[in-house]
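Participant: Below you will find the structure I want to go over with you.
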Amino acid sequence: MTTTPAPAETSAELYPLQVELHELFKEQRQLQERIDAAAIGALKEYTARRYPTATTLMLDSNGNPNEYLPVAVHTGAGEDVVDENTVAADDTLFELVRTAPMQLIRYDRTSNLWKIALR
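Right, dumping it as C-alpha coordinates:
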(Lines of atoms letter the chains of each structure in order from A and count residues from 1; the text may use other names and numbers.)
(Lines give C-alpha, C1' and ligand atoms only; values in the text may rest on other atoms or scores of the structure.)
Protein backbone atom coordinates (compact mmCIF):
# COMPACT_ATOMS: atom_id res chain seq x y z
CA MET A 1 0.00 0.00 0.00
CA THR A 2 1.30 3.46 -0.95
CA THR A 3 1.26 6.21 1.60
CA THR A 4 0.67 9.81 0.69
CA PRO A 5 3.49 12.10 1.84
CA ALA A 6 2.64 14.73 4.37
CA PRO A 7 1.68 18.07 2.75
CA ALA A 8 4.47 19.94 4.50
CA GLU A 9 7.09 17.57 3.12
CA THR A 10 5.65 17.80 -0.38
CA SER A 11 5.58 21.60 -0.28
CA ALA A 12 9.15 21.77 0.98
CA GLU A 13 10.32 19.42 -1.74
CA LEU A 14 8.47 21.32 -4.47
CA TYR A 15 9.58 24.80 -3.44
CA PRO A 16 12.93 24.74 -5.31
CA LEU A 17 11.13 23.54 -8.44
CA GLN A 18 8.53 26.28 -8.10
CA VAL A 19 11.26 28.90 -7.75
CA GLU A 20 13.04 27.53 -10.82
CA LEU A 21 9.79 27.51 -12.80
CA HIS A 22 9.08 31.10 -11.76
CA GLU A 23 12.55 32.14 -12.94
CA LEU A 24 12.05 30.37 -16.27
CA PHE A 25 8.72 32.13 -16.83
CA LYS A 26 10.37 35.44 -16.00
CA GLU A 27 13.15 34.71 -18.50
CA GLN A 28 10.57 33.69 -21.12
CA ARG A 29 8.70 37.01 -20.68
CA GLN A 30 11.94 38.95 -21.05
CA LEU A 31 12.86 37.06 -24.21
CA GLN A 32 9.38 37.62 -25.67
CA GLU A 33 9.68 41.34 -24.94
CA ARG A 34 13.01 41.42 -26.80
CA ILE A 35 11.53 39.48 -29.74
CA ASP A 36 8.54 41.82 -29.90
CA ALA A 37 10.76 44.91 -29.75
CA ALA A 38 12.93 43.53 -32.58
CA ALA A 39 9.85 42.70 -34.68
CA ILE A 40 8.42 46.19 -34.18
CA GLY A 41 11.78 47.80 -34.99
CA ALA A 42 12.22 45.73 -38.15
CA LEU A 43 8.71 46.53 -39.40
CA LYS A 44 9.05 50.26 -38.76
CA GLU A 45 12.56 50.42 -40.24
CA TYR A 46 11.54 48.54 -43.37
CA THR A 47 8.44 50.64 -43.99
CA ALA A 48 10.37 53.86 -43.33
CA ARG A 49 12.85 52.90 -46.06
CA ARG A 50 10.40 51.36 -48.52
CA TYR A 51 7.49 53.77 -47.97
CA PRO A 52 9.04 56.96 -46.53
CA THR A 53 5.80 58.96 -46.36
CA ALA A 54 3.78 56.17 -44.74
CA THR A 55 2.30 56.62 -41.30
CA THR A 56 -0.18 53.73 -41.16
CA LEU A 57 -0.21 50.19 -42.44
CA MET A 58 -3.70 48.81 -43.09
CA LEU A 59 -4.33 45.09 -42.67
CA ASP A 60 -7.17 42.69 -43.42
CA SER A 61 -7.75 39.52 -41.46
CA ASN A 62 -10.28 38.04 -43.90
CA GLY A 63 -12.16 36.75 -40.88
CA ASN A 64 -9.12 34.92 -39.49
CA PRO A 65 -8.20 36.53 -36.16
CA ASN A 66 -4.59 35.34 -36.16
CA GLU A 67 -3.53 36.22 -39.68
CA TYR A 68 -3.27 39.75 -40.99
CA LEU A 69 -2.50 40.63 -44.58
CA PRO A 70 -1.16 44.06 -45.60
CA VAL A 71 -3.64 45.73 -47.94
CA ALA A 72 -2.66 49.42 -47.93
CA VAL A 73 -0.02 51.86 -46.78
CA HIS A 74 -1.39 55.31 -45.90
CA THR A 75 0.01 58.77 -45.29
CA GLY A 76 -1.12 60.86 -42.33
CA ALA A 77 -3.89 62.27 -44.51
CA GLY A 78 -5.21 58.77 -45.21
CA GLU A 79 -4.04 58.70 -48.81
CA ASP A 80 -2.51 55.57 -50.32
CA VAL A 81 1.28 55.72 -50.62
CA VAL A 82 1.32 52.95 -53.23
CA ASP A 83 -1.35 50.97 -55.01
CA GLU A 84 -2.90 47.84 -53.54
CA ASN A 85 -1.05 45.51 -55.93
CA THR A 86 2.34 46.84 -54.82
CA VAL A 87 1.45 46.18 -51.19
CA ALA A 88 0.11 42.70 -52.00
CA ALA A 89 3.32 41.82 -53.87
CA ASP A 90 5.62 42.95 -51.03
CA ASP A 91 6.64 39.61 -49.52
CA THR A 92 9.00 41.22 -47.01
CA LEU A 93 6.20 43.38 -45.66
CA PHE A 94 3.97 40.32 -45.40
CA GLU A 95 6.61 38.43 -43.39
CA LEU A 96 7.21 41.40 -41.09
CA VAL A 97 3.48 41.73 -40.41
CA ARG A 98 3.36 38.03 -39.51
CA THR A 99 5.93 38.60 -36.77
CA ALA A 100 4.34 41.80 -35.43
CA PRO A 101 3.13 41.43 -31.85
CA MET A 102 -0.63 41.61 -31.34
CA GLN A 103 -0.42 44.67 -29.08
CA LEU A 104 0.78 46.66 -32.11
CA ILE A 105 -2.36 45.94 -34.16
CA ARG A 106 -5.50 48.03 -33.63
CA TYR A 107 -8.95 47.91 -35.20
CA ASP A 108 -10.00 50.87 -37.35
CA ARG A 109 -13.81 51.18 -37.39
CA THR A 110 -13.83 53.76 -40.17
CA SER A 111 -12.21 51.48 -42.72
CA ASN A 112 -13.31 48.18 -41.14
CA LEU A 113 -9.67 47.07 -41.28
CA TRP A 114 -6.86 46.53 -38.81
CA LYS A 115 -3.97 48.98 -38.65
CA ILE A 116 -0.46 49.46 -37.40
CA ALA A 117 0.80 52.96 -36.64
CA LEU A 118 4.23 53.32 -38.20
CA ARG A 119 5.13 56.69 -36.71
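When you line the sequence shown up against the numbering used here, it's residues 747 to 865, in that order. Think of the CB as a built atom: it goes at the ideal place given N, C-alpha and C, for glycine as much as any other residue.
Going by Cα to Cα distance, which pick from A783, A823, T802 is closest to V817?
Facilitator: Taking the sequence shown and counting its residues from 1, the one referred to as residue 817 is at position 71. Comparing Cα positions, the closest option is T802.
Participant: Quick one, which of L815, T845, Q774 has its alpha-carbon nearest T832's?
Facilitator: What you label residue 832 is simply residue 86 of the sequence shown in a count that begins at 1. Here the closest residue by C-alpha is L815.
Participant: On the criterion of 16 or more Cβ atoms from any shown chain inside 10 Å, does D837 qualify as buried, or is it exposed?
Facilitator: Taking the sequence shown and counting its residues from 1, one reaches residue 837 at position 91. So D837 counts as exposed.
Participant: Along the chain, where does the beta strand (DSSP E) containing D837 start, and where does it finish?
Facilitator: In the sequence shown, the residue the question calls residue 837 occupies position 91. Counting along the chain, D837 falls outside any beta strand (DSSP E), though it belongs to the alpha helix (DSSP H) covering 837-845.
Participant: Identify the residues that DSSP records as bridge partners of M804: which are they?
Facilitator: Start at 1 with the first residue of the sequence shown, and residue 804 comes out as number 58. DSSP output for M804 lists A818, K861 as bridge partner(s).
Participant: Hey, how far is the Cα of I786 from the Cα of D806?
Facilitator: Residue 786 sits at position 40 when you count from the first residue of the sequence shown. Residue 806 sits at position 60 when you count from the first residue of the sequence shown. If you take the alpha carbons of I786 and D806, they lie about 18 Å apart.
Participant: Taking buried to mean at least 16 other C-beta atoms within 10 Å of its own C-beta, is A823 buried or exposed?
Facilitator: Within the sequence shown, numbered from 1, the residue matching residue 823 stands at position 77. Exposed.
Participant: Is the stretch 839-851 touching the stretch 774-785 in the sense that three or more CB pairs, one from each, lie closer than 8 Å?
Facilitator: yes
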